[in-house]
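Heads up, the thing below is written out as structure tokens.
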């Protein structure tokens, strides 16, 4: 099977990207205003400095956000770590590098947690985020945060893994991603 990537699409992610695009437009507008001004003074130097910094940070964040997603390859799937610690912003790292080999998957489940993908507590995170948990034959569990994916994408991720695992000779006893998500949501609402 060919390589395939699912990029997160959700309302929250759309709002997040819109804010950064707006930030870039404001920075770019300030930069153009400052550079076209005839009387250059200290105020213009400060504006130039902050608009360049804002433009640079905004572009870096947008590029890192566009690069997010779950990559399905021939033998396994890969999820890249959040870039929070690389860009130096005050963003918490939720997802760590996760490589999952299709032939090693024993079971798939869904859980909700306010911890990161390694099960560690994250400061100032109070929202339970959904995770697809892959239980491997060696006893390990690998979690993939799917908070910024919409419901259709979450189902597609599970279905893609089931299909690719079957192609590698690993017949998982999971009917479909939709049934797994329906079961998760029905159990979740029982406790609320």
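Residue numbers (our numbering): 1448 to 1639.
Just so you know, even glycine gets a beta-carbon here, dropped at the ideal spot from N, CA and C.
Item, Value
"Which listed residue (1488, 1595, 1508) has its alpha carbon closest to that of residue 1574", "1595"
"Distance between residue 1548 and residue 1520 (C-alpha atoms, nearest Å)", "9 Å"
"Inter-stretch contact (C-beta, 8 Å, three-pair minimum) for the region 1538-1546 and the region 1582-1599", "yes"
"Which residues DSSP lists as bridging residue 1572, in chain order", "In DSSP, residue 1572 forms no bridge with anything."
"Residue 1494 vs residue 1452 beta-carbon contact at 7 Å", "no"
"Endpoints, alpha helix (DSSP H) assigned at residue 1488", "No alpha helix (DSSP H) holds residue 1488; DSSP gives it neither H nor E."
"Straight-line Cα distance separating residue 1631 from residue 1581", "15 Å"
"Helix, strand or coil at residue 1536 according to DSSP, with G and I counted as helix", "Confidence is the limiting factor: at residue 1536 the pLDDT is only 49, short of 50, which leaves the residue's position unreliable, though a coordinate-based value still follows. Of the three classes helix, strand and coil, the one that applies to residue 1536 here is coil, per DSSP."
"Pairwise C-alpha distance: residue 1467 and residue 1457", "16 Å"
"Residue 1606: first and last residue of the uninterrupted alpha helix (DSSP H) it sits in", "1598-1614"
"Euclidean distance between Cα positions of residue 1608 and residue 1473", "42 Å"
"Beta-carbon proximity of residue 1553 to residue 1584, cut-off 7 Å", "yes"
"Beta strand (DSSP E) segment containing residue 1528, residue limits", "No beta strand (DSSP E) holds residue 1528; DSSP gives it neither H nor E."
"First and last residue of the uninterrupted beta strand (DSSP E) at residue 1541", "Segment: none, residue 1541 is in no beta strand (DSSP E) and carries neither H nor E."
"Chain-order list of residues whose beta-carbon lies under 7 Å from that of residue 1629 (same chain, five-residue window excluded)", "none"
"Buried versus exposed call for residue 1465 [16 or more other C-beta atoms within 10 Å across all chains shown]", "exposed"
"Simplified DSSP assignment, three categories, for residue 1621", "coil"
"Rounded C-alpha distance that separates residue 1605 from residue 1546", "15 Å"
"Residue nearest to residue 1644 in terms of C-alpha spacing, selected from 1500, 1504, 1522", "Here the chain has residues from 1448 to 1639 only, and residue 1644 is not among them."
"Reduced DSSP category for residue 1523 - H, G, I as helix; E, B as strand; rest coil", "strand"
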